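Colleague: Attaching a single structure in structure tokens format; questions to follow.
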Amino acid sequence: MKQKRMIALVLALILVLALAGCGGAGDDADAVVANVGDLEITESQLTQYTYLYAFVNGIDTSWMTEENLFTVKKMILEDLIAIKLMELKYKDEPGVLPEDHETTAASFLEMVKNEEASNAYMEQNGISEEALKDFYISQFYSVAFFNAIRAEMPEITDAEVAAYYTDNPEQFEIDEVTASHILVEDEELAKELIADLKAGADFAELAKEHSIDGSAPDGGSLGTFGRGAMVPEFETAAFALEAGEISDVVQSQFGYHIIKVTDKKQGKESFEESSATIRANLENNALTEVYLEWITKLRDEFGIEYSEAYKQE
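Residue numbers for the sequence shown follow numbering that gives the first Met the number 0, beginning at 0 and rising by one.
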């Protein structure tokens, strides 16, 4: 999980280098929104980065409208600045780019072109092959940066992991149920279904036949969930049941529910069960602190200038 988060962070941070040479939408596409040392970030680059960031992270962009796009772009401008700082620091450093980077970049471009969804997205947003090549090569700057800051990251000790477990007991409490439900619009139908269940009818089959919820094809299965995941009426009823029990009719804003709990877990996650996750979280926090320290130093070293519209508050 820790490695996956690191990969996601690196990918998110390197995207802006893919934007060099990209066209963009808008009358002021070439307007400079920020200067990072002797490098510029244009309106076009910032817009393109927003959509590339969404693509890499699997974010639906349908909610991005002309009204809210500026707000989104202003929020993520700092990511672009961080990438430009990494480029400035490492672009001339020997050994950062492997000797065969041109060959491997060409293979990367071919892979993107052969993947239908990726290629369609790139074409739709006007992202050129040169931009994709820059995107690929930019990862080497980011890898160099993260290798450097990881070398400075303090080691998380066993004592720190144990202390976190002791000091944050509420984070390791287990209070969850595994449940299924049947949701109907009519209370009388719900009562009839309960009678059928008491007579021996199969819960999953009744859910498939009668439930109006999206879980119906799965026999009403909602999986395992903790407190706060469901509306209050549903939660109260579900957590009052023991494993194997079926509720009476429960009314919520969605209709009338019949709930069946198949498993119930309450207690506390042991230190042995929690220690790996605790360590990963503490390491991630430590890495973030070092990352911010380095970025702050690079900002001071190279200098940042914002356009009037994008000045940070």
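Each residue gets a CB set at the ideal place from its N, CA and C atoms; glycine is no exception.
Please read all numbers here as calculations on a predicted model, not as lab measurements.
1. If you follow the beta strand (DSSP E) that N34 is in, where does it begin and where does it stop?
2. Following the continuous alpha helix (DSSP H) through F233, name the residue where it begins and the one where it ends.
3. Check this for me: beta carbons of E272 and I155, under 8 Å apart or not?
4. Since K132 is in the alpha helix (DSSP H), which residue starts that stretch and which ends it?
5. Tell me, please, whether the region 29-40 touches the region 110-126 by the rule of three or more beta-carbon pairs shorter than 8 Å.
6. What residue does the alpha helix (DSSP H) around L108 start on, and which one ends it?
7. Please state if the CB of F238 and the CB of V176 are separated by a distance shorter than 8 Å.
8. Check for me: the alpha helix (DSSP H) holding A203 runs from which residue to which?
9. For G254 and L192, I'd like the C-alpha separation in whole angstroms.
10. Roughly how many angstroms lie between the CA atoms of L286 and F145, to the nearest whole one?
11. Within the same chain, show all residues whose beta-carbon is closer than 8 Å to that of F139, passing over the 5 residues directly before and after it, in chain order.
12. Suppose the cutoff is 8 Å on Cβ atoms and the five residues either side in sequence are ignored; what does the same chain contact list for V249 look like?
Modeller: So, from the data block:
1. For N34, the enclosing beta strand (DSSP E) has its first and last residue at V31 to V35.
2. Per DSSP, F233 belongs to the alpha helix (DSSP H) from P231 to A239.
3. E272 is not a Cβ neighbour of I155, given a cutoff of 8 Å.
4. Where K132 is concerned, the enclosing alpha helix (DSSP H) starts and stops at E128 to E151.
5. No contact exists between the region 29-40 and the region 110-126.
6. Here the alpha helix (DSSP H) through L108 covers H100 to N113.
7. Their beta carbons are under 8 Å apart, which means V176 touches F238 by this criterion.
8. Per DSSP, A203 belongs to the alpha helix (DSSP H) from F202 to H209.
9. Approximately 14 Å, taken between the alpha carbons.
10. When rounded, the distance between both Cα atoms is 9 Å.
11. Closer than 8 Å at Cβ, skipping near neighbours: Y89, V95, L96, P97 and H100.
12. Cβ contact annotation for V249 (same chain, cutoff 8 Å, sequence separation greater than five): E232, F233, A236, Y255, H256, I257 and I258, in chain order.
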